[in-house]
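J.:
Numbering (this note's numbering), first residue to last: 1414 to 1500.
#1: Look at the alpha carbon of residue 1433 and the alpha carbon of residue 1441, and state the distance between them as a whole number of angstroms.
#2: In or out: residue 1491 buried (at least 16 other Cβ within 10 Å) or exposed?
#3: For a test of the three-state rule: what should DSSP assign to residue 1435, helix, strand or coil?
#4: For residue 1462, which three-state DSSP category applies?
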């Protein structure tokens, strides 16, 4: 089932998460250049609106696929590295 993305920015007890990131990092710059709404609009039509379990966010899936290809790693490696980053 399609899960519409949230419009709010992620915050921590120390402030806005985005302000804590290195805005000169190549992946940060790339993320700002990508028009993410296009991915959301193209893929959401393939999701059922009324049944099934909630899908993982489309932007997370697209982002992981981009990381996989940029770093030339396996599915498992990109998921493992993402979990380390999130911790």
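The beta-carbon is built from N, C-alpha and C at its ideal position, and this holds for glycine as well.
T.: By the coordinates alone:
#1: Numbered from 1 along the chain shown, position 20 holds the residue referred to as residue 1433. Numbered from 1 along the chain shown, position 28 holds the residue referred to as residue 1441. Going from the Cα of residue 1433 to the Cα of residue 1441 covers about 12 Å.
#2: Counting from 1 along the chain shown, the entry for residue 1491 is found at position 78. Buried, because 16 or more other Cβ atoms sit within 10 Å of the Cβ of residue 1491.
#3: In the chain shown, counting from the first residue as 1, residue 1435 sits at position 22. Coil at residue 1435, not helix or strand.
#4: Numbered from its first residue, the chain shown carries residue 1462 at position 49. Here residue 1462 sits in coil by DSSP.
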